[in-house]
Amino acid sequence: MTSLTSLTLAEARDALKARKFSCVEITKAHLAAIDAAQGLNAFVAVTADQALEMARRSDERLAAGEAGPLEGLPLGIKDLYATKGVHTQACSHILDGFKPPYESSVTANLWRDGAVMLGKLNMDEFAMGSSNETSYYGPVASPWLPPNWSEARAKAALAGDKRGLLTPGGSSGGSASAVAAHLCLAATASDTGGSIRQPAAFTGIAGIKPTYGRCSRWGMVAFASSLDQAGPLARNVRDCAIMLRSMAGHDAKDSTCANTPVPDYEAAIGRSVKGLTIGIPREYRLDGMSQEIEALWTRGAEWLKDAGARIVDVSLPNTRHALPAYYIVAPAEASSNLARYDGVRYGLREAGADITELYEHTRARGFGAEVRRRLMIGTYVLSAGYYDAYYVRAQKIRTLIKRDFELAFADGVDAMLTPATPSAAFGIGEKGAEDPVAMYLNDVFTVTVNMAGLPGLVAPAGLSSEGLPLGLQLIGRPFDEETLFTLGEAIEQAAGRRALPKAWWA
Amino acid sequence: MSVDQTAVRRIAHLARIAVSEAEVPHLQGEINAILSFVDELGQVNVDGVEPMTSVIPMKLPMREDVVTDGEIAQLVLANAPLTEDGFFLVPKVVE
């Protein structure tokens, strides 16, 4: 059965169409893999009965010649997508017991195209985090072994508090871990400041945050509405292209969702890179940047050059303001969005003598430390007397950040190449406990893309000297995800296929 | 800019999050660490720059002004922790 979980999404799709095995068989193989990997803590809810029922119906449709583009393909769904009648809590305690009576538009699109839901994936609470350690359901372990760790030591840590094991990144940590550990063929994720791309880099897989508005946000638990965007995580760039084609598309229920046709992204795979102009933004070369990341970046540029692309130096002078501005805009929007958790309409309720106490007790108990911290920052920067100095100023800086990109694109740059993360994956319990800002620095290369609303793709690009995965990021013009898929696959091919970890956790 | 402990209590109340006295100094430190991280933005020249309102230029779509759903009171109440006779139940708010 192992071989059925090791297929790529494209391979499984083609094999199912050729009736080499059934949808029920491949679904059962994945459910068995999930069962054996409980220690990783990637799934917070497994919907086995529903998955088998969906797979049975997929087999019927395949037999009837009515297969959709994702027919019978078992997927994992990040816990922030509303799934009708199924656990949906954005891994927060404040949504305790919440089961939405409706389905998110993105997941509805996946089911329309025949996909099978295996269950809900762990994540940082309300997607606030870069290591999946803020989840109410506990941290997720990466399937990658820490350098010089034996399998026995890792298994012991898995059974304990997981400290020292590697984080899969965050906030889409469950999605990344599940895809890298072959627990699902691909997964939905979401990205507000890097939550698809950083986990992709940390676990040696591919992910894309599409252009703002490419996917509907309807039915996604909101964090920062002007930055949030849905996207896939998958084991390679082609599989991301297949996923995004189904996830994307116009939706009247989200007024920011673009009404532009969704291209066949998979057709962009294998197109020639010749003649494309790739910008290398010099401001991404940080002081004290690791030699290894710098070398990987240079190598990535050489690969694209060898494939016929033109490499040019570009300047994005406002880059360094992006992360601080993000930590005003995102908490501000979060404080507004999360005002809805009041202990009255859904989720957790803590008693209080009056309505204000009911709110205050419910929210103190229901939100974790990181969420409480960001809500307080957001409340502060929006409060009377500080709104102009913080929030309005940050939104002006956002205009400057976007303008930098527009000028570079107007100069003929087709895409930019940058590192994905400042380092390879770090350990659970290693960062952020004392200083929240140390954790925020993980997003330094990814957050600009959200601030400017652009598409950003991370492709697996190699291993560190310690044998841990590293990724490279490609940033594209608005709605030009196709060029990113072409370039991303070129990088993936040049880097060479590397095996994902074998199942030491089982 | 930085916040004092009175400001921390005020912000917590505005955010409707109960904080104990023991938590206040710790929260103050964390909030000030973040505020000092974003402090450099004060140096950026933003004269004449419009604040961003929409990251992708698009016109807000309009639809027919008609009822598109409704009559689902039971679904609306389905996840509520406390209800009575088809209403959300809260502590007395009007004396």
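From first to last, the protein sequence lines stand for chains L and S.
If you read the first sequence in our numbering, its first letter stands for residue 1, the second for the next number, and so on.
If you read the second sequence in our numbering, its first letter stands for residue 1, the second for the next number, and so on.
Ideal Cβ positions, reconstructed from N, Cα and C, are used throughout, including at glycine.
Pull up the distance between the alpha-carbon of residue i and that of residue j, whole angstroms please.
i         : j         : result
L:Leu-348 : L:Leu-276 : 52 Å
S:Met-62  : L:Leu-227 : 22 Å
L:Leu-470 : L:Thr-134 : 23 Å
L:Pro-436 : L:Asn-109 : 37 Å
L:Thr-421 : L:Val-444 : 7 Å
L:Pro-147 : S:Glu-40  : 37 Å
L:Val-312 : L:Glu-53  : 52 Å
L:Thr-418 : L:Ala-410 : 19 Å
L:Ala-459 : L:Asp-113 : 25 Å
L:Ala-397 : L:Leu-166 : Strictly speaking, residue 397 of chain L in this sequence is Ile, with Ala absent from that position. Their Cα atoms are separated by approximately 35 Å.
L:Thr-211 : S:Asp-85  : 45 Å
L:Ala-159 : L:Trp-504 : 13 Å
L:Gln-89  : L:Gly-308 : 47 Å
L:Thr-2   : L:Ala-234 : Because L:Thr-2 sits at a pLDDT of 49, beneath the cut-off of 50, its placement in the model cannot be relied upon, and the point is left open.
L:Ala-353 : S:Arg-9   : 19 Å
L:Thr-510 : L:Asp-342 : Look at the range of chain L in this structure, 1 to 506, and you will see that residue 510 of chain L is not part of it.
L:Leu-304 : L:Thr-298 : 10 Å
L:Tyr-359 : S:Val-90  : 10 Å
L:Leu-40  : L:Gly-138 : 10 Å
L:Ser-105 : L:Val-237 : 23 Å
L:Arg-372 : L:Ser-92  : 12 Å
L:Leu-31  : L:Ser-58  : 16 Å
Rounded to the nearest angstrom, how far is the Cβ of residue i from that of residue j, given a contact under 8 Å?
i         : j         : result
L:Tyr-102 : L:Gly-219 : 6 Å
L:Met-117 : L:Gln-50  : 6 Å
L:Met-128 : L:Arg-345 : In fact, because the Cβ distance is near 22 Å, the residues do not count as touching under 8 Å.
L:Leu-4   : L:Ala-29  : 4 Å
L:Thr-192 : L:Gly-169 : So it is not a contact: roughly 14 Å between Cβ atoms.
L:Pro-510 : L:Leu-316 : The question about residue 510 of chain L has no answer here: the residues shown for chain L are numbered 1 through 506.
L:Ile-208 : L:Pro-232 : 7 Å
L:Leu-70  : L:Ser-246 : 6 Å
L:Ile-328 : L:Tyr-390 : 5 Å
May I ask you to report which of helix, strand or coil DSSP gives residue i?
i         : result
L:Gln-229 : strand
L:Thr-83  : strand
L:Ala-45  : strand
L:Pro-199 : helix
L:Arg-310 : strand
S:Glu-84  : strand
L:Lys-396 : helix
L:Thr-277 : strand
L:Met-54  : helix
L:Asp-264 : coil
L:Pro-469 : strand
L:Leu-338 : helix
L:Val-106 : helix
L:Pro-100 : coil
L:Leu-4   : helix
L:Ile-328 : helix
L:Asp-191 : strand
L:Ala-494 : helix
L:Ala-186 : strand
Taking a contact to mean a Cβ-Cβ separation below 9 Å, would you say residue i touches residue j in this structure?
i         : j         : result
L:Ile-77  : L:Ala-241 : no
S:Val-24  : L:Leu-400 : no
L:Ala-176 : L:Ala-200 : yes
L:Ala-408 : L:Gly-279 : yes
L:Asn-450 : L:Gln-229 : yes
L:Gly-366 : L:Glu-333 : no
L:Arg-163 : L:Gly-368 : no
L:Phe-479 : L:Pro-455 : yes
L:Met-376 : S:Ile-56  : no
L:Ala-37  : L:Leu-145 : no
L:Pro-143 : L:Ala-180 : yes
L:Leu-16  : L:Leu-75  : no
L:Leu-474 : L:Leu-457 : yes
L:Leu-121 : L:Gly-194 : no
L:Glu-292 : L:Ser-172 : no
L:Val-314 : L:Val-413 : yes
May I ask you to check if the CB of residue i is nearer than 8 Å to at least one heavy atom of the ligand SAM?
i         : result
L:Asp-191 : With respect to the ligand SAM, the structure shown offers nothing to examine, as it has no ligands at all.
With a cut-off of 9 Å, does the C-beta of residue i fall near any C-beta of chain C?
i        : result
S:Pro-61 : No chain C is present in this structure, whose protein chains are L and S.
So if I threshold CB-CB distances at 9 Å, which residues from the region 307–321 of chain L count as touching chain S?
Answer in chain order: Asn-318, Arg-320 and His-321.
By the 7 Å beta-carbon criterion, what residues does the region 79–96 of chain L contribute toward chain S?
Residues of the region 79–96 of chain L with a Cβ closer than 7 Å to any Cβ of chain S: none.
Name the residues in the region 66–83 of chain S whose C-beta lies less than 7 Å from a C-beta of chain L; which are they?
Cβ contacts with chain L: Leu-75, Ala-78, Asn-79, Ala-80, Pro-81 and Leu-82.
Of the residues that make up the region 375–395 of chain L, which ones have a beta carbon closer than 7 Å to any beta carbon in chain S?
Within the region 375–395 of chain L, the qualifying residues are Leu-375, Met-376, Ile-377, Thr-379, Tyr-380, Ser-383, Val-392, Arg-393, Ala-394 and Gln-395.
Could you run through the region 425–439 of chain L and flag, in chain order, every residue whose CB is less than 7 Å away from some CB of chain S?
Only Asp-435, Pro-436 and Val-437 from the region 425–439 of chain L bring a Cβ to less than 7 Å from some Cβ of chain S.
Taking beta-carbon pairs under 9 Å, can you tell me which members of the region 222–234 of chain L lie near chain S?
Hits within the stretch, in order: Ser-226 and Leu-227.
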